[in-house]
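In what follows, a structure is listed as structure tokens, so that the remarks can point back to it.
There are 2 protein chains.
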Amino acid sequence: MNNPPNAQLLKGSLSVMILRLLEDREQMYGYEITQKVKQLTAGEMAITEGALYPALHKLEADGLLTTETQVVDGRARKYYSLTKAGHTEAATRLADLSAFLQNLNAVLNLKPSL
Amino acid sequence: MNNPPNAQLLKGSLSVMILRLLEDREQMYGYEITQKVKQLTAGEMAITEGALYPALHKLEADGLLTTETQVVDGRARKYYSLTKAGHTEAATRLADLSAFLQNLNAVLNLKPSL
DNA sequence: TGCTATACCTAAGATTTGTAGGTATAGCAG
DNA sequence: CTGCTATACCTACAAATCTTAGGTATAGCA
Chain A
1 MNNPPNAQLL KGSLSVMILR LLEDREQMYG YEITQKVKQL TAGEMAITEG
51 ALYPALHKLE ADGLLTTETQ VVDGRARKYY SLTKAGHTEA ATRLADLSAF
101 LQNLNAVLNL KPSL
Chain B
1001 MNNPPNAQLL KGSLSVMILR LLEDREQMYG YEITQKVKQL TAGEMAITEG
1051 ALYPALHKLE ADGLLTTETQ VVDGRARKYY SLTKAGHTEA ATRLADLSAF
1101 LQNLNAVLNL KPSL
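Protein sequence lines correspond, in order, to chains A and B. The opening residue of the first sequence carries number 1 in the working numbering; numbering runs sequentially from there. The opening residue of the second sequence carries number 1001 in the working numbering; numbering runs sequentially from there.
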């Protein structure tokens, strides 16, 4: 009933996913991000908290995210949202990722010169 | 005239690319792989030797590749080819990568529930 | 009382990669 | 013949990212 943990494929995509999710929803907290990713991938992809929280802290330290803590139902939530620099960076990284994936596909499909 | 080195996007794709290239060409040597990747991506992607050679050695140690050294034009070349286990592993990793990319796309495009 | 879900966090280690070197031959330009 | 570029291999160290494996705490249900 439990899907296997993520393979170690493609490290480096986590922060891009975080930025993209926050582009779309304006404000999210950590646990919500883990659940959203599970939902969007039908449970096939799971973000571990040991990766997520350090990544969020780094993005905040880099000035791309700001935080606001709220208490909901007796539990603390730390909401993250994009700064102006975060919006810019999100666009840049998505473009970079898109270019990378095109190149990756060019290598894996091996169309030319054959 | 020199393209910037690869961003740190998507670590973990190097060994998959190696396996895929060897699926297609049966036999390649290290330097040839770096040139092939440059060619396939119009110079946009460059595999560094500091990443490539350790990766090749690991794949060989894992029993996925075998080597054969030849001297061509006075220079030694170390040709790599897939073992039987290497062929199997190549197929597995390509399938895993494909699944991962679908999930990644599901997160980045954010279609459902909006 | 205990388990699950919610919600945050960190430390230690593994893995992968980039940077920065090193060695050596061949060939061409000056 | 000297120096530079291309070819062809390699390693060591550091940086970055992620997994594993914990820890803390509240709420709710069995």
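Quick reminder that beta carbons are idealized off the backbone N, C-alpha and C, glycines included.
Neighbours of residue 1106 (chain B) in chain A, taken as residues at a C-beta separation under 7 Å, are given in chain order as 40 and 41. The C-beta of residue 28 (chain A) comes no closer than 8 Å to any C-beta of chain B.
For residue 1041 (chain B), the three-state secondary structure derived from DSSP is coil. According to DSSP, residue 1079 (chain B) shares a beta bridge with B:1029 and B:1068.
About 6 Å separates the beta carbons of residue 19 (chain A) and residue 93 (chain A), which is inside the 8 Å limit, making them a contact pair. Counting the other Cβ atoms within 10 Å of the Cβ of residue 1090 (chain B) gives 16 or more, which makes it buried. Straight-line measurement puts the Cα of residue 1051 (chain B) at about 17 Å from the Cα of residue 1065 (chain B). Segment contact: the stretch 101 to 110 of chain A against the stretch 69 to 82 of chain A, fewer than three CB-CB distances shorter than 8 Å; contact not assigned. Contact check for residue 1037 (chain B) against residue 37 (chain A) fails: the beta carbons are separated by 8 Å or more. At a Cβ-Cβ threshold of 8 Å, residue 1015 (chain B) and residue 1061 (chain B) do not count as neighbours. For residue 11 (chain A), the secondary structure class from DSSP, reduced to helix, strand or coil, is strand. Shown here for residue 63 (chain A): same chain residues with a beta carbon closer than 8 Å to its own, the five before and five after excluded, namely 83, 85 and 86 in chain order.
The Cβ neighbour count for residue 69 (chain A), taken over all protein chains shown within 10 Å, is under 16; the residue is labelled exposed.
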